[in-house]
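Here the working numbering is used: the first residue of the sequence shown is 175, the next is one more, and so on. Note that beta-carbon positions come from the ideal geometry of N, C-alpha and C, so glycine has one too. Comments concern the structure below.
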Amino acid sequence: MAHAAPTPGMRTPGTRAPSGTPSRAGEATDVFGERTHLVMKWAVPVVLGLVFGYWAAANRRSAGPITGWNILFGFVAALVFIALYVAVRAVAPRLRREVHALMWAVFAGCAIGFLINQSGSSVLYSAGVALAVTAGFFAVMFYRYYTHEDAQGHHLG
């Protein structure tokens with residue numbers, strides 16, 4: 175099996191960096207440029223919103239014919255989703271980690287509850303699924319923010 179030959183200054187597994195060498199363990203590498211981040215900052219909510227709007231419209235029509243009102247409903251649902259996503263993304267990072275996680279969890283739970291409700295399910299079933307999604311999402315997001323932020327919401331590292 176061929177391996178790259180070590181070069182001076184290159185660390186191989188099981189070796190330590192020479193003393194006095196700065197550690198880069200906590201540094202995050204940024205693979206993409208600033209322009210890519212700016213494009214993705216707006217592309218992600220738009221794409222997610224369009225998928226959400228299509229899903230809501232498809233659930234609402236129940237495999238029936240596509241009508242103009244159905245298309246309008248899908249686009250309105252997409253616009254509301256995009257606006258709420260951007261608002262949560264702008265406000266949530268300024269909050270403490272518990273409230274930060276709770277905002278994303280409530281957003282996700284409400285979105286899923288709305289989709290379930292559009293399929294014709296009862297309000298109680300939709301609310302139950304939304305609460306389950308909210309609880310699971312909160313647990314995951316709280317763990318993520320608890321391990322990556324301090325108590326005031328400042329990024330660690």
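Own chain, CB closer than 7 Å to Phe226, minus 5 neighbours either side, in chain order: Ala251, Ala252, Phe255, Ala285
Gly287 - DSSP class collapsed to helix/strand/coil: helix
Where Leu276 falls: helix, strand or coil (DSSP): helix
Boundaries (first-last residue) of the alpha helix (DSSP H) holding Thr308: 297–322
Within 8 Å, strictly: CB atoms of Gln292 and Asn233: yes
Simplified DSSP state of Ile256, which is helix, strand or coil: helix
Ala217: first and last residue of the uninterrupted alpha helix (DSSP H) it sits in: 208–235
Beta-carbon proximity check, Ala264 vs Met315, cutoff 8 Å: no
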